[in-house]
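A.B. asks:
Protein chains in written order, with the numbering used here: chain A, 109 to 198; chain B, 3 to 462.
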């Protein structure tokens with residue numbers, strides 16, 4: 109149970125940190141920020157990699173989780189980068 | 003001992019990854035550093051994935067999945083048109099949610115003897131599943147593949163599924179604590195998985211297109227929260243930190259969007275415009291159409307021009323000709339600005355992306371608070387396919403459903419051109435008195451053709 113308390117601390121502090129970091133973002137960057145944050149939520153891939161694969165069902169689930177999380181990670185970062193490379197000041 | 007060392011190494015690497023995510027997200031918040039911020043965050047992701055992959059269970063499954071996902075994701079990302087960005091973000095977001103849904107499902111077997119773990123799994127399945135199916139519906143709506151109206155039979159059916167899914171998660175959370183679930187648990191669990199998916203559909207289906215900026219931000223936030231919960235299940239700090247950052251940033255965007263519409267998040271999600279008391283504005287005058295030639299004559303003499311784009315510009319793909327017109331006006335000696343409303347379009351900052359694609363410098367883009375005070379010095383305001391965000395009812399008619407919403411007060415400019423396909427009202431279904439104002443001229447037709455017409459007048 110103690111470990112959950114510790115993890116709970118990390119959770120709460122990270123949320124507060126996130127709220128502080130983003131609170132004053134110019135509207136120009138709303139879309140790239142959303143898209144970039146979306147790519148970060150692909151961190152689920154790290155979780156998917158650690159899944160146990162003892163049964164056939166578990167293996168299929170792990171494969172699907174890894175595949176979809178990878179689409180999220182690669183697609184998310186690339187599209188954000190493509191978008192940001194267009195933002196220029198002249 | 004060897005195992006311990008790998009875990010230690012992974013945890014140290016996760017700390018670095020977390021630092022890179024935090025730095026990356028901070029840099030994403032400023033124009034000058036945004037692109038580097040994204041690269042830094044991607045580097046953090048790279049580190050986290052590599053160290054996790056050191057001791058993987060089944061290399062074929064893992065590598066196969068990563069390569070397949072990387073291929074699909076990259077192809078979509080490289081090929082997508084900038085006008086389709088909103089639906090792409092929705093789709094990627096949904097896939098992230100689906101991954102956490104699977105993680106929680108897989109971890110169910112480890113949750114049998116641990117009540118807390120069980121509760122986390124049930125919650126994560128719900129958030130991840132609703133994020134996935136909700137995002138798919140948002141994708142369908144944004145790409146206009148899905149056209150099911152509010153109030154239709156299908157919508158109502160799925161709304162009941164949404165409530166059913168809420169009841170089922172409550173049951174799943176509470177029943178084990180007060181003496182276990184009846185029947186065969188496995189069967190109930192699978193029914194729960196299906197209900198969650200259907201519930202997500204029912205959550206987003208009734209929400210209208212104009213409210214999509216809020217929905218997308220919220221789903222984005224949910225996918226982060228789902229990842230953070232998955233981190234709690236797996237006892238993995240980097241998932242918790244990264245997921246929370248995304249959850250928080252999505253939440254802030256959601257709040258900004260809701261404020262820009264002067265509505266509460268609950269009102270947007272569960273009520274919609276239709277239920278607000280609509281007072282039909284009776285006084286209407288006559289609209290005054292104008293043709294490209296006359297519009298050009300007015301523009302030629304203008305020394306200050308404000309361009310206000312809306313969803314119509316995205317639909318007509320008119321951003322490039324708009325930039326061309328802007329440049330011609332500048333060459334003609336006019337001061338050109340773009341007035342961007344936060345909820346114009348279908349996602350937060352939608353107009354900014356399109357204008358950036360067309361090479362419009364971002365320092366020419368101004369927010370309502372910046373342009374409204376000097377609106378009376380603007381000679382011509384050109385409204386391109388925007389409607390509700392320039393509707394003066396928001397400031398003049400206390401009975402109007404959109405009263406109180408901050409708008410771009412273009413009606414105060416000397417002359418207003420409204421480019422519009424027809425006289426239909428905007429998403430909110432509210433008549434727009436702007437069209438009938440003394441100083442308003444309507445330029446009917448496709449936005450791209452109308453602007454092209456102006457551009458060729460300038461070139462002649």
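For each residue, glycine too, the CB sits at the ideal point set by N, CA and C. None of these values were measured; they are calculated from a predicted model.
Would you tell me roughly how many angstroms separate the C-alpha atoms of residue 26 (chain B) and residue 18 (chain B), rounded to the nearest one?
C.D. replies: Cα to Cα, the separation comes out at about 12 Å.
A.B. asks: Could you tell me the alpha carbon to alpha carbon distance between residue 101 (chain B) and residue 38 (chain B), rounded to whole angstroms?
C.D. replies: The straight-line gap from Cα to Cα measures roughly 27 Å.
A.B. asks: Among B:160, B:307, B:12, B:61, which one has its Cα closest to the Cα of residue 48 (chain B)?
C.D. replies: Closest by alpha carbon: B:12.
A.B. asks: Contact between the region 171 to 191 of chain A and the region 92 to 99 of chain B: three or more CB pairs below 8 Å?
C.D. replies: Output reads yes: the region 92 to 99 of chain B touches the region 171 to 191 of chain A.
A.B. asks: Between which two residues does the alpha helix (DSSP H) carrying residue 443 (chain B) extend?
C.D. replies: No alpha helix (DSSP H) contains residue 443 (chain B), which is instead part of the beta strand (DSSP E) from 442 to 446.
A.B. asks: Curious, which full-length alpha helix (DSSP H) runs of at least 4 residues does the region 143 to 221 of chain B contain?
C.D. replies: Here the runs fully enclosed are 155 to 176, 187 to 206.
A.B. asks: So residue 368 (chain B) packs on residue 342 (chain B), CB below 8 Å; how close in whole Å?
C.D. replies: With 8 Å as the limit, residue 368 (chain B) and residue 342 (chain B) qualify as a contact, their Cβ atoms being about 7 Å apart.
A.B. asks: Would you mind telling me which residues of chain B sit closer than 8 Å to residue 130 (chain A), beta carbon to beta carbon, in chain order?
C.D. replies: In chain order: 27, 31, 250, 251, 254, 255.
A.B. asks: Which of helix, strand or coil does DSSP assign to residue 403 (chain B)?
C.D. replies: If DSSP states are grouped into helix, strand and coil, residue 403 (chain B) belongs with coil.
A.B. asks: Can you tell me whether residue 134 (chain A) is helix, strand or coil according to DSSP?
C.D. replies: Residue state, collapsed to three classes: coil.
A.B. asks: Which residues of the region 103 to 132 of chain B have a Cβ closer than 7 Å to any Cβ of chain A? Give them in chain order.
C.D. replies: Correct list: 104, 105, 107, 108, 118.
A.B. asks: Using 8 Å as the cut-off, can you tell me whether the region 129 to 142 of chain A makes contact with the region 157 to 167 of chain A, which would need three or more C-beta pairs spanning the two stretches below that distance?
C.D. replies: Not touching, per the Cβ criterion.
A.B. asks: What residues from the region 163 to 185 of chain A come within 8 Å of chain B, judged by C-beta to C-beta, listed N to C?
C.D. replies: Under the 8 Å Cβ criterion, the region 163 to 185 of chain A contributes 166, 167, 169, 170, 171, 172, 173, 174, 175, 176, 177, 178, 179, 180, 181, 182, 183, 184, 185.
A.B. asks: Whose Cβ in chain A lies nearer than 7 Å to the Cβ of residue 67 (chain B)?
C.D. replies: Correct list: 171, 174, 175, 178.
A.B. asks: May I ask which residues mark the beginning and end of the alpha helix (DSSP H) holding residue 160 (chain A)?
C.D. replies: Segment: none, residue 160 (chain A) is in no alpha helix (DSSP H) and carries neither H nor E.
A.B. asks: In whole angstroms, what separates the C-alpha of residue 148 (chain A) from that of residue 156 (chain A)?
C.D. replies: Straight-line Cα distance between these residues: approximately 14 Å.
A.B. asks: Can you list, in chain order, the residues of its chain whose CB lies under 6 Å from that of residue 195 (chain B), leaving out five sequence neighbours each side?
C.D. replies: Counting only Cβ-Cβ distances below 6 Å, and skipping sequence neighbours, we find nothing.
A.B. asks: Mind pulling the chain A residues with CB within less than 8 Å of residue 322 (chain B)?
C.D. replies: Within 8 Å Cβ-Cβ: nothing; residue 322 (chain B) doesn't reach chain A, min ~12 Å.
A.B. asks: State buried or exposed for residue 62 (chain B), treating a residue as buried only when at least 16 other CB atoms are found within 10 Å of its CB.
C.D. replies: Per the 10 Å Cβ criterion, exposed.
A.B. asks: With a cut-off of 8 Å, do at least 3 Cβ pairs link the region 120 to 129 of chain B to the region 231 to 248 of chain B?
C.D. replies: Contact between the region 120 to 129 of chain B and the region 231 to 248 of chain B is present, because at least three Cβ pairs lie under 8 Å.
A.B. asks: State the Cα-Cα distance for the pair residue 355 (chain B) and residue 30 (chain B), rounded to the nearest angstrom.
C.D. replies: Their backbone Cα atoms lie some 15 Å apart in a straight line.
A.B. asks: Going by DSSP, what residues sit across from residue 30 (chain B) in a beta bridge?
C.D. replies: Residue 30 (chain B) pairs with nothing; no bridge assigned.
A.B. asks: Show which residues of chain A have a CB atom less than 9 Å away from the CB atom of residue 359 (chain B).
C.D. replies: Chain A residues near residue 359 (chain B): 191, 194.
A.B. asks: Which residue wins for smallest C-alpha separation from residue 351 (chain B), given the options B:460, B:449, B:215?
C.D. replies: Comparing Cα positions, the closest option is B:215.
A.B. asks: With a cut-off of 8 Å on the beta carbons, I'd call residue 88 (chain B) and residue 218 (chain B) a contact; round off their distance for me.
C.D. replies: Residue 88 (chain B) to residue 218 (chain B), Cβ: 7 Å. Contact.
A.B. asks: Residues of chain A with a CB under 7 Å from the CB of residue 333 (chain B): which are they?
C.D. replies: Ordered by position in chain A, no residue passes the 7 Å Cβ test against residue 333 (chain B), which lies about 14 Å from the chain.
A.B. asks: What's the gap between the Cα of residue 393 (chain B) and the Cα of residue 454 (chain B)?
C.D. replies: Those two C-alpha atoms are separated by around 25 Å.
A.B. asks: What residues in the region 326 to 352 of chain B bring their beta carbon closer than 7 Å to a beta carbon of chain A?
C.D. replies: Those would be 342, 344, 349, 350, 351, 352, in chain order.
A.B. asks: Pull up the DSSP beta-bridge partners for residue 306 (chain B), would you.
C.D. replies: Bridge partners of residue 306 (chain B): B:337.
A.B. asks: So does residue 310 (chain B) have its beta carbon nearer than 6 Å to some heavy atom of the ligand GDP?
C.D. replies: Inclusion of the ligand GDP in the displayed structure is not the case, the ligand content being empty and no account of it being possible.
A.B. asks: Taking Cβ positions, are residue 399 (chain B) and residue 405 (chain B) nearer each other than 7 Å?
C.D. replies: Cβ atoms of residue 399 (chain B) and residue 405 (chain B): closer than 7 Å.
A.B. asks: Note down, in chain order, each residue of its chain lying with its Cβ closer than 7 Å to the Cβ of residue 45 (chain B), except the 5 sequence neighbours on either side.
C.D. replies: Closer than 7 Å at Cβ, skipping near neighbours: 22.
A.B. asks: Any C-beta of chain A sitting closer than 7 Å to the C-beta of residue 374 (chain B)?
C.D. replies: It does not; no Cβ of chain A falls within 7 Å.
A.B. asks: Which chain A residues sit within Cβ distance under 7 Å of residue 369 (chain B)?
C.D. replies: Neighbours of residue 369 (chain B) on chain A, chain order: 135.
A.B. asks: Does the region 140 to 148 of chain B come close enough to the region 201 to 215 of chain B to have 3 or more Cβ pairs within less than 8 Å?
C.D. replies: Judged by Cβ distances under 8 Å, the region 140 to 148 of chain B makes contact with the region 201 to 215 of chain B, as three or more pairs qualify.
A.B. asks: Do residue 199 (chain B) and residue 154 (chain B) have their CB atoms nearer than 7 Å?
C.D. replies: No, Cβ-Cβ distance for residue 199 (chain B) and residue 154 (chain B) is not below 7 Å.
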